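Participant: Taking this note's numbering, the leading residue of the sequence shown gets 5, the next gets one more, and so forth.
Cβ atoms here follow ideal geometry from the backbone N, Cα and C, with glycine treated the same way.
Here the structure is a predicted model, which is why all the values come from computation and not from measurement.
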Amino acid sequence: MQEIYQRGPIACGIAVPDALETYTGGIFEDTTGDQNIVHDVSVVGWGVENGTKYWTVRNSWGTHYGEDGFFRVVRGVNNIAIETDCSWATPVDTWTNDVRHHLTAEEKKNTITKEVALKHVNKHHHEKKKTIEVTRCRAEKTIFENGEKRPEVHSWEALAPEAVPTSWDWRNVNGTNFLSWTKNQHIPVYCGSCWAQGTTSALADRFNIMNGLTGIQTPVSLSAQVIVNC
Numbered sequence: 005m006q007e008i009y010q011r012g013p014i015a016c017g018i019a020v021p022d023a024l025e026t027y028t029g030g031i032f033e034d035t036t037g038d039q040n041i042v043h044d045v046s047v048v049g050w051g052v053e054n055g056t057k058y059w060t061v062r063n064s065w066g067t068h069y070g071e072d073g074f075f076r077v078v079r080g081v082n083n084i085a086i087e088t089d090c091s092w093a094t095p096v097d098t099w100t101n102d103v104r105h106h107l108t109a110e111e112k113k114n115t116i117t118k119e120v121a122l123k124h125v126n127k128h129h130h131e132k133k134k135t136i137e138v139t140r141c142r143a144e145k146t147i148f149e150n151g152e153k154r155p156e157v158h159s160w161e162a163l164a165p166e167a168v169p170t171s172w173d174w175r176n177v178n179g180t181n182f183l184s185w186t187k188n189q190h191i192p193v194y195c196g197s198c199w200a201q202g203t204t205s206a207l208a209d210r211f212n213i214m215n216g217l218t219g220i221q222t223p224v225s226l227s228a229q230v231i232v233n234c
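1. Count the other CB atoms, across all protein chains shown, that sit within 10 Å of the CB of residue 189; report buried if there are 16 or more and exposed otherwise.
2. Across which residues does DSSP place residue 15 in a beta bridge pair?
3. Count the other C-beta atoms from every protein chain shown that fall within 10 angstroms of the C-beta of residue 112, then say buried if there are 16 or more, exposed otherwise.
4. Would the region 49 to 59 and the region 178 to 188 be scored as touching if the rule is three or more Cβ pairs under 8 Å?
5. Under 8 Å, with one C-beta from each stretch per pair, do the region 189 to 207 and the region 158 to 176 reach the 3-pair mark?
6. Looking at the structure shown, is residue 29 part of a helix, part of a strand, or coil, going by DSSP?
7. Taking the alpha-carbon positions, what's the residue 94 to residue 210 distance?
8. Return the chain-ordered ranges of every beta strand (DSSP E) run that is complete within the region 59 to 108 and spans a minimum of 3 residues.
9. Starting from the Cα of residue 5, find the closest Cα among 55, 104, 79 and 23 and give me that residue.
10. Could you tell me which of 76, 215 and 204 sits nearest to residue 171, measuring between CA atoms?
11. How should residue 126 be labelled, buried or exposed, when 16 other C-beta atoms within 10 angstroms of its C-beta is the threshold for buried?
12. Helix, strand or coil for residue 34 per DSSP?
13. Sorted by chain position, which residues of the same chain lie with C-beta nearer than 7 Å to residue 197's C-beta, five sequence neighbours on each side aside?
14. Straight-line CA distance for residue 183 to residue 36?
15. Residue 228 by DSSP, collapsed to three states: which one?
16. If we count the other Cβ atoms within 10 Å of its Cβ and call it buried at 16 or more, is residue 11 buried or exposed?
17. Taking just the CA atoms, how far does residue 42 sit from residue 18?
18. Which of helix, strand or coil does DSSP assign to residue 21?
19. Can you tell me the Cβ-Cβ gap for residue 91 and residue 8, rounded? I've got them flagged as a contact below 8 Å.
20. Using three-state DSSP, classify residue 7 as helix, strand or coil.
21. What is the DSSP secondary structure of residue 174, reduced to helix, strand or coil?
If you want it as structure tokens, here you go:
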């Protein structure tokens, strides 16, 4: 809650019981005990309704799903495993002072060697292994400027728990909606890309929040397709 409140939406993995797929509104509560994480979403806020605490979640199944593309799920009991596996990143302004990263020769090459099993068609041959060079998008190791994979101060170290409001929604902060647009990963064809949809949406939201939506005509929206292509 502190991370969402201070810095913006986060990406979380969830289970998807049948009832969630047919959800149309209200506070969802799975009764099957499903904890098998198979889907990624972004959590944009929380609240309380008639004494029931809930998370506000953006899905990537289009605005026709649930509550304009969102759903609410009971909070604090790890329903559908929503409190099990969450991630986030803090954007850094690299454009105001034009701070750029210059590729090294190693990065430009962007290759690794990998053991790949090659099964031969000839049944008389045994399975053999061959070392080949593979070009890929994923960095084998990322070095952070501060030498760590965490911010200097965690959100929960910067604010007392009692300072967190009882409800919060980045769709409406004093009348401003900081969220990027809600996507549909099934258009034009079905695509199991939730892992890219939820994360890029949460990151785009955080850029909007950092920018304060000032000086830009359209809110930031990061391309999930680029990540899928990679």
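Facilitator: The relevant details are as follows:
1. As a position in the sequence shown, residue 189 is number 185, starting the count at 1. Counting Cβ neighbours within 10 Å, residue 189 comes out buried, since at least 16 surround it.
2. The residue you call residue 15 lines up with position 11 of the sequence shown. Beta-bridge pairing links residue 15 to 46 and 91.
3. Within the sequence shown, residue 112 is the residue found at index 108, counting from 1. Under a 10 Å Cβ-count criterion, residue 112 is classified as exposed, with fewer than 16 other Cβ atoms of the shown protein chains found around its own Cβ.
4. Touching, no, given that fewer than three Cβ pairs across the two stretches are closer than 8 Å.
5. No: fewer than three Cβ pairs fall under 8 Å.
6. Against the sequence shown, residue 29 aligns to sequence position 25. Coil at residue 29, not helix or strand.
7. Stepping through the sequence shown from its first residue, residue 94 is reached at position 90. Stepping through the sequence shown from its first residue, residue 210 is reached at position 206. Cα to Cα, residue 94 sits roughly 7 Å from residue 210.
8. Here the runs fully enclosed are 74 to 78.
9. Reading the sequence shown from its first residue, position 1 is the one you call residue 5. Of 55, 104, 79 and 23, the residue nearest in Cα terms is 79.
10. Looking up residue 171 in the sequence shown gives position 167. Nearest C-alpha to residue 171 among 76, 215 and 204: 76.
11. Position 122 of the sequence shown holds residue 126. Residue confidence for residue 126 is low, a pLDDT of 40 falling below 50, so the modelled location carries little weight and cannot support an answer.
12. Taking the first residue of the sequence shown as 1, we reach residue 34 at position 30. Secondary structure at residue 34: coil, using DSSP grouped into helix, strand and coil.
13. As a position in the sequence shown, residue 197 is number 193, starting the count at 1. Excluding residues up to 5 positions away in sequence, 189, 228 and 232 lie with their Cβ nearer than 7 Å to the Cβ of residue 197 in the same chain.
14. Locating residue 183 in the sequence shown gives position 179, counting from the first residue. Locating residue 36 in the sequence shown gives position 32, counting from the first residue. So the two alpha carbons sit approximately 32 Å from each other.
15. Position 224 of the sequence shown holds residue 228. Taken through DSSP and simplified to helix, strand or coil, residue 228 comes out as helix.
16. Mapped onto the sequence shown, residue 11 falls at position 7. Sixteen is the threshold: when 16 or more other Cβ atoms of the shown chains lie within 10 Å of the Cβ of residue 11, as they do, the residue is buried.
17. Here the question's residue 18 lines up with position 14 in the sequence shown. Here the question's residue 42 lines up with position 38 in the sequence shown. It is roughly 6 Å from the alpha-carbon of residue 18 to the alpha-carbon of residue 42.
18. As a working note, residue 21 is residue 17 in the sequence shown. Residue 21: coil per DSSP, three-state reduction.
19. In the sequence shown, the residue the question calls residue 91 occupies position 87. In the sequence shown, the residue the question calls residue 8 occupies position 4. Wrong, their Cβ atoms sit about 12 Å apart, outside the cutoff.
20. On the sequence shown, position 3 is the one that residue 7 refers to. Secondary structure at residue 7: helix, using DSSP grouped into helix, strand and coil.
21. The residue labelled residue 174 in the question sits at position 170 within the sequence shown. Note: residue 174 maps to coil in three-state DSSP.
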